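Scroll down for the structure; my scribbles are underneath it.
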Amino acid sequence: MTSSEELIELVKKLKRERSFVSAEQKRIHEQYAQLLKLAEHVQHRQWITSHQRYILSSLIYPNRNDQNIQPKSCFQYIQILDNIS
0 MTSSEELIEL VKKLKRERSF VSAEQKRIHE QYAQLLKLAE HVQHRQWITS
50 HQRYILSSLI YPNRNDQNIQ PKSCFQYIQI LDNIS
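Just so it is clear: in the sequence shown, position 61 is 60 by numbering that gives the first Met the number 0, and no numbers are missing.
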């Protein structure tokens, strides 16, 4: 192979590598966006669950928390929280 043929082959190889790297970067960005969306969903569910737990503990241990919650309103609050998602 002559040096010009080697140079042409090197240019082709570099173009393929650049194309591969660009495709991988795009895929990584897409996966990162999906991960952020999933993390936001998990955080939202955790927020709802912690509030539901607080409401239920207020019902089970009425003197622990400031609120004196009734069973009917407790389950209404829990349903409202379930409907948020």
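Built from N, CA and C at the ideal position, the CB exists for glycine as well.
Since the model is a prediction, treat every value here as computed from it, not as a measurement.
TODO: Confirm, please, whether the CB-CB distance from Leu-80 to Gln-51 is below 8 Å.
DONE: Against the sequence shown, residue 51 aligns to sequence position 52. Against the sequence shown, residue 80 aligns to sequence position 81. Yes.
Open item on the list: Once DSSP output is grouped into helix, strand and coil, what is the label at Thr-1?
Closed with: As a first step, residue 1 is located in the sequence shown; it is residue number 2 there, counting from the start. Correct three-state label for Thr-1: coil.
Task: Euclidean distance between Cα positions of Lys-25 and Leu-35 - done: As a first step, residue 25 must be located in the sequence shown, where it is residue number 26. As a first step, residue 35 must be located in the sequence shown, where it is residue number 36. Straight-line measurement puts the Cα of Leu-35 at about 15 Å from the Cα of Lys-25.
- [ ] Kindly indicate which three-state DSSP category Gln-75 falls into: helix, strand or coil?
- [x] Here residue 75 refers to the residue found at position 76 when the sequence shown is read from its first residue. Residue state, collapsed to three classes: helix.
TODO: Give the secondary structure of Asn-82 by DSSP, where H, G and I count as helix, E and B as strand, and everything else as coil.
DONE: Taking the sequence shown and counting its residues from 1, the one referred to as residue 82 is at position 83. Asn-82 falls in the helix class under three-state DSSP.
Open item on the list: Let me confirm a value: Leu-58 is counted as buried when at least 16 other C-beta atoms fall within 10 Å, else exposed. Which label applies?
Closed with: Position 59 of the sequence shown, counted from the start, is the residue given in the question as residue 58. Its Cβ being crowded by 16 or more others within 10 Å, Leu-58 is buried.
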